[in-house]
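S.K.: Be aware that the sequence shown starts at 5, since it is given in the working numbering, and climbs by one per residue.
For each residue, glycine too, the CB sits at the ideal point set by N, CA and C.
Pasting a structure below so you can have a look.
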Amino acid sequence: MPTTYAYKVRDRAGKLLEGSIEADSTNLVADKLRQLGYVPIAIDKRDESGISREIKIPGLGGRIKLKDTAV
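Structure representation (structure tokens):
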């Protein structure tokens, strides 16, 4: 039975997009997103209530990489 996954991807122009898709595994989600021309950034399984299980708090975590900044 398919599960709902939340995803973040970058399109060919580098724009960050978010959405959700139903699939049987994260590998199938990544394959489908690549077929659509996107670069997967994050794929998170959602529970039955539709809430993503991963919690991210801005400011606590990854740093901005040089390639992600624009002048």
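Report the partner residues of Ser24 according to the DSSP bridge assignment.
M.R.: Position 20 of the sequence shown, counted from the first residue, corresponds to residue 24. DSSP lists Ala10 as partners of Ser24.
S.K.: When you compare only the Cα positions, how much space is there between Lys49 and Tyr11?
M.R.: For the purposes of this step, residue 49 is taken as residue 45 along the sequence shown, with counting starting at 1. For the purposes of this step, residue 11 is taken as residue 7 along the sequence shown, with counting starting at 1. One C-alpha to the other measures close to 9 Å.
S.K.: When you compare each of Pro6, Asp51, Thr8, Val13 to Arg38 by their alpha carbons, which one comes out closest?
M.R.: Here residue 38 refers to the residue found at position 34 of the sequence shown. Checking every option, the nearest Cα to that of Arg38 belongs to Val13.
S.K.: Less than 8 Å between the CB atoms is what I'm expecting for Ile47 and Thr30, so what's the real figure, rounded?
M.R.: If you number the sequence shown from 1, residue 47 lands on position 43. If you number the sequence shown from 1, residue 30 lands on position 26. With 8 Å as the limit, Ile47 and Thr30 qualify as a contact, their Cβ atoms being about 5 Å apart.
S.K.: Among Asp51, Leu40, Lys71, which one has its Cα closest to the Cα of Arg16?
M.R.: Position 12 of the sequence shown, counted from the first residue, corresponds to residue 16. Answer by Cα proximity: Leu40.
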